[in-house]
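> Using my numbering, the first residue of the sequence shown is number 29, and each one after it goes up by one.
Sharing a structure here in structure tokens format.
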Amino acid sequence: MRPNVDIGWETHGAIKELADARYDGDLDRAYKEVLDRGLEYSALPAQERLGAGDGANVEFIPTEGAGEPIVFHKLLGRSPQLYSVGNGPYATLTLEEFRERLSTISRYAGVDVEGAAFGLRRSGGCWVGWGFGDFLAALSDPLSRYQETEFTGLAHEEVGLVFSVGDTFVVLRGRHLPNDNQVGNVHIQVLAEGWPVRRDSSLKAVVDALDAEVVNGSALSERAQTGLKPASVVVEPLEFLTHIEDGREWTHAIVIENPFRTGKLQTDTPRVTEPNQAVMHLTSHELRDEAPSNRYHLEEYGVTDADIVNITLSGSWSRPT
């Protein structure tokens, strides 16, 4: 507990900031949490890392029916054995409240804001992308996404965001209600490589910001995950995902036909066949104007079927010999 002396509110420093940020100004609770969890827990960087984001950066992938959000996280599928170690209550938030939660989370060290993968799924399709900023932009302006599809009206969407905190993964789930500007059924699942999980201060802060807790771990079944598997499959790009660096256009990923749907890859995880297409990340970025469209090879894959369906595909462009 805090010292039982009459000192000015302003002298509590970082503990006051912690109380304001998480506990509605309750100093007693803030001191208790710091004593329980360690001084690092009180650190709250002053600047968020969301970025402006652009809803146009999403990719639309036709899917079979409705279901869990589909995401393409570069790292989640590489984990050989995952344990579900955390969960939280369901909540309904306005879009602004939802953004504030992500803003707080983005401040902590070890949270991979840019590498986060997201999916927004409705019956017949799923929009996928990466980064907190683009995720929030896509949620905030659904009409711009719908204009690029054959859908004639807005519908609720199952949304999922996967991001790493150190070597642990957080799956944030909810249901986007665009007509109400809300996200309902907001809850999380924490996935860790092994049990007990290493509870660093950033993970504790993220879990707390989402009103969740770390619990005893239960291993995901073999049917729900594959770990990283080798592959040797020739794939043809349907679309190039690029970025500009040093004034030149680089390809960092390609959209391909879903190899699980075409039968080129096999797995016991049934829901990975639902998307018609998939995203394959390149192990080495290539200049867009130098890489032909027919020399790509899928080399590794991993899938995770949890509160989301994650497909991790990686490969490369084969240079002419």
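We put the CB at the ideal spot given by N, CA and C, even for glycine.
1) Please work out which residues of its chain come closer than 6 Å, Cβ to Cβ, to Trp345, disregarding the five sequence neighbours upstream and downstream, and give them in chain order.
2) Pick out the complete beta strand (DSSP E) segments inside the segment 120-165, 3 residues or longer, and give them in chain order.
3) Terminal residues of the continuous alpha helix (DSSP H) containing Lys257?
4) Answer with buried or exposed for Ala5, where buried requires no fewer than 16 other C-beta atoms within 10 angstroms of its C-beta.
5) Around the Cβ of Gly291, are there at least 16 other Cβ atoms within 10 angstroms (buried) or fewer (exposed)?
6) Out of Arg251, Val242 and Gly157, which one is the CA nearest neighbour of Phe191?
7) Looking at the secondary structure, which residues open and close the alpha helix (DSSP H) in which Ala247 lies?
8) Does the Cβ-Cβ distance between Phe100 and Ala166 come in under 9 Å?
9) From this set, Glu185, Pro206 and Ala233, which residue's C-alpha is nearest Val198's C-alpha?
10) Have a look at Pro170 and Thr295 and give me their C-alpha separation to the nearest angstrom.
11) Please identify the residue among His204, Ser151, Leu164 and Thr196 whose C-alpha is closest to the C-alpha of Glu178.
12) Once DSSP output is grouped into helix, strand and coil, what is the label at Phe100?
13) Buried or exposed for Asp56, please, with buried defined as at least 16 other CB atoms from any protein chain shown within 10 angstroms of its CB.
14) Spatial neighbours of Ala220 within its chain, please: CB distance less than 6 Å, with the 5 preceding and 5 following residues excluded, ordered by chain position.
15) Please identify the residue among Ser172, Leu148, Ser246 and Ser312 whose C-alpha is closest to the C-alpha of Ile98.
16) Classify Pro303 as buried or exposed, calling it buried when 16 or more other Cβ atoms lie within 10 Å of its own Cβ.
17) How long is the line joining the alpha carbons of Gln210 and His184, rounded to whole angstroms?
18) Just reading off the alpha helix (DSSP H) that Thr290 is part of, what are its end residues?
19) Using the C-alpha atoms, what's the distance from Asp54 back to Glu277?
20) Which value, in whole angstroms, describes the spacing of the CA atoms of His309 and Asp82?
21) Leaving out the 5 sequence neighbours to the left and right, which residues in its chain are closer than 8 Å to Pro117 when beta-carbon positions are compared?
22) Hey, would you say Phe268 sits closer than 9 Å to Gly202, going by beta carbons?
23) Give the range of the alpha helix (DSSP H) segment to which Val235 is assigned.
24) Judging by CA-CA distance, which residue of Asn115, Thr340 and Thr301 is the nearest neighbour of Pro90?
25) Here's a check: name, in chain order, each residue in its chain whose Cβ is nearer than 8 Å to the Cβ of Ile336, leaving out the five neighbours to either side.
26) Between Ser172 and Ala84, how many whole angstroms is the CB-CB distance? I'm expecting something under 8 Å.
27) To the nearest angstrom, report how far apart Gly181 and Asp228 are at their CA atoms.
Taking the coordinates as given:
1) Walking along the sequence shown from the start, residue 345 turns up at place 317. Closer than 6 Å at Cβ, skipping near neighbours: Glu314, Ala319, Arg323 and Tyr324.
2) The qualifying runs are 145-150 and 153-158.
3) As a position in the sequence shown, residue 257 is number 229, starting the count at 1. Segment Lys257 to Val263 is the beta strand (DSSP E) holding Lys257; no alpha helix (DSSP H) there.
4) Outside the shown range of the chain (29 to 349) lies residue 5, about which nothing can therefore be said.
5) Within the sequence shown, the letter at position 263 stands for residue 291. The residue in question, Gly291, is exposed, as its Cβ has fewer than 16 Cβ neighbours within 10 Å.
6) Walking along the sequence shown from the start, residue 191 turns up at place 163. Closest by alpha carbon: Gly157.
7) For this step, residue 247 is matched to residue 219 along the sequence shown. Run containing Ala247: none in the alpha helix (DSSP H); it sits in the beta strand (DSSP E), Glu241 to Ala247.
8) Numbered from its first residue, the sequence shown carries residue 100 at position 72. Numbered from its first residue, the sequence shown carries residue 166 at position 138. No; because the gap between Cβ atoms is not below 9 Å, this pair is not in contact.
9) In the sequence shown, the residue the question calls residue 198 occupies position 170. Nearest of Glu185, Pro206 and Ala233 to Val198, Cα basis: Ala233.
10) Counted from its first residue, the sequence shown places residue 170 at position 142. Counted from its first residue, the sequence shown places residue 295 at position 267. Cα to Cα, Pro170 sits roughly 33 Å from Thr295.
11) As a first step, residue 178 is located in the sequence shown; it is residue number 150 there, counting from the start. Minimum Cα distance to Glu178 is reached at Ser151.
12) Counting from one through the sequence shown, the residue named residue 100 turns up at place 72. In this structure, Phe100 counts as coil in the three-state DSSP scheme.
13) Numbered from 1 along the sequence shown, position 28 holds the residue referred to as residue 56. Flag for Asp56 reads exposed.
14) Your numbering for residue 220 matches position 192 in the sequence shown. Once the five neighbours on either side are set aside, the close Cβ partners of Ala220 are Tyr111, Val113 and Thr196.
15) Within the sequence shown, the letter at position 70 stands for residue 98. When each option's Cα is compared against that of Ile98, the closest is Leu148.
16) Position 275 of the sequence shown holds residue 303. Its Cβ being crowded by 16 or more others within 10 Å, Pro303 is buried.
17) Your numbering for residue 210 matches position 182 in the sequence shown. Your numbering for residue 184 matches position 156 in the sequence shown. Rounded to the nearest angstrom, the two C-alpha atoms are 10 Å apart.
18) As a position in the sequence shown, residue 290 is number 262, starting the count at 1. Start and end: Pro287 to Thr290.
19) As a working mapping, residue 277 is identified with position 249 in the sequence shown. As a working mapping, residue 54 is identified with position 26 in the sequence shown. In a straight line, the C-alpha of Glu277 is about 51 Å away from that of Asp54.
20) Looking up residue 309 in the sequence shown gives position 281. Looking up residue 82 in the sequence shown gives position 54. In this model, His309 and Asp82 are separated by some 20 Å (Cα to Cα).
21) Position 89 of the sequence shown holds residue 117. The beta carbon of Pro117 is closer than 8 Å to those of His215, Asp239 and Ala240 in its chain, skipping five residues each way along the sequence.
22) One-based indexing of the sequence shown puts residue 268 at position 240. One-based indexing of the sequence shown puts residue 202 at position 174. In this structure, Gly202 does not lie closer than 9 Å to Phe268 by Cβ.
23) Walking along the sequence shown from the start, residue 235 turns up at place 207. Note, Val235: alpha helix (DSSP H), Ser229 to Ala237.
24) One-based indexing of the sequence shown puts residue 90 at position 62. With distances taken between Cα atoms, Pro90 lies closest to Thr301.
25) Numbered from 1 along the sequence shown, position 308 holds the residue referred to as residue 336. Excluding residues within five positions, the ones whose Cβ falls inside 8 Å are Glu96, Pro97, Ile98, Val99, Gly147, Gly188, Val190, Val199 and Arg201.
26) By 1-based counting over the sequence shown, the position of residue 172 is 144. By 1-based counting over the sequence shown, the position of residue 84 is 56. Their Cβ separation, rounded to whole angstroms, is 7 Å, which keeps Ser172 and Ala84 in contact under 8 Å.
27) Taking the first residue of the sequence shown as 1, we reach residue 181 at position 153. Taking the first residue of the sequence shown as 1, we reach residue 228 at position 200. Taking the straight line from one Cα to the other gives about 44 Å.
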